[in-house]
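Peer 1:
Residue numbers (the numbering used here): 1 to 186.
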């Protein structure tokens, strides 16, 4: 039986697995506010509550390590993307319509950059005029590219650093994987 970690370590474990507090709340019926307090070392949570969260996270970790699913099983095969000349405003509208928080910027079938809702929000708050600029003015690094042979653990490690990865087959983008897609492993 694993030893319970320090309370603050639960947050690291949860983030390493790309699991939100909301997801734990939904699965364990523990209020998100309680999870936040536990992760931040505030208050004196019950042993049972901490044990339940820890066991849930450990079981999720084991399940992912033993998963027989592969890239094709978890990727989203519809890639929402923009071109370099697309305005930030049009990009925001596209992201809103498709309920995505990050998208690649493609030009002539080449992965030239990416943009996230967080980056757009930060830039627009600092300089509202940028809403009408081309998205390349505020673009971020390109998402990494993988092929169908990658294993889930390696993809999970990439998603610790990047918000998404693009899946390529025969030099054609066939899918995208985000944190939300990793939850399809079950």
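We put the beta carbon where it would ideally sit given N, CA and C, even for glycine.
When DSSP labels each residue in this structure, what does residue 70 get in the three-state scheme?
Peer 2: Coil, per DSSP.
Peer 1: Any idea if residue 39 is buried or exposed, counting beta-carbon neighbours within 10 angstroms, 16 or more meaning buried?
Peer 2: The residue in question, residue 39, is buried, as its Cβ has 16 or more Cβ neighbours within 10 Å.
Peer 1: Report the residue ranges of all alpha helix (DSSP H) runs contained in full by the segment 96-162; include only those spanning at least 4 residues, in chain order.
Peer 2: Fully enclosed alpha helix (DSSP H) runs of 4 or longer: 117-126, 152-161.
Peer 1: Rounded to the nearest angstrom, what separates residue 128 and residue 32 at their Cα positions?
Peer 2: Cα to Cα, residue 128 sits roughly 33 Å from residue 32.
Peer 1: Can you find the residues in the same chain that come closer than 7 Å, C-beta to C-beta, to residue 111, ignoring five residues on each side of it along the sequence?
Peer 2: Answer for residue 111: 104, 142, 143, 145, 166, listed in chain order.
Peer 1: Any idea what DSSP makes of residue 85, helix, strand or coil?
Peer 2: Residue 85 falls in the coil class under three-state DSSP.
Peer 1: Hey, how far is the Cα of residue 171 from the Cα of residue 148?
Peer 2: Taking the straight line joining both Cα atoms gives about 12 Å.
Peer 1: Out of 37, 159, 4, 72, point me to the one whose CA is closest to residue 168's CA.
Peer 2: Nearest of 37, 159, 4, 72 to residue 168, Cα basis: 72.
Peer 1: Give the range of the alpha helix (DSSP H) segment to which residue 34 is assigned.
Peer 2: First-last of the alpha helix (DSSP H) with residue 34: 32-39.
Peer 1: Just the Cα atoms here: how many angstroms apart are residue 83 and residue 54?
Peer 2: Straight-line Cα distance between these residues: approximately 43 Å.
Peer 1: Give me, in chain order, the residues of the same chain whose beta-carbon lies closer than 7 Å to that of residue 4; leave out the 5 immediate sequence neighbours on both sides.
Peer 2: Excluding sequence neighbours, residue 4 sits near 50, 51, 54.
Peer 1: For residue 164 and residue 126, I'd like the C-alpha separation in whole angstroms.
Peer 2: Whole-angstrom Cα-Cα distance: 25 Å.
Peer 1: With a cut-off of 8 Å on the beta carbons, I'd call residue 88 and residue 120 a contact; round off their distance for me.
Peer 2: Going by Cβ atoms, the distance from residue 88 to residue 120 rounds to 6 Å, so yes, they are a contact pair.
Peer 1: So residue 10 is in the alpha helix (DSSP H); what residue range does that whole segment cover?
Peer 2: That run of the alpha helix (DSSP H) goes 7-16.
Peer 1: Three-state secondary structure (DSSP) at residue 42?
Peer 2: Residue state, collapsed to three classes: coil.
Peer 1: Run the CB neighbour count on residue 96, radius 10 Å, all protein chains shown included, and call it buried at 16 or more, exposed below.
Peer 2: Exposed.
Peer 1: Counting only the same chain and skipping the five closest in sequence on each side, list residues whose C-beta sits under 7 Å from that of residue 77.
Peer 2: Here the set comprises 174, 175.
Peer 1: Check each candidate in 34, 92, 17, 20 and name the one with the smallest Cα separation from residue 7.
Peer 2: Checked all of 34, 92, 17, 20; the closest Cα to residue 7 is 34.
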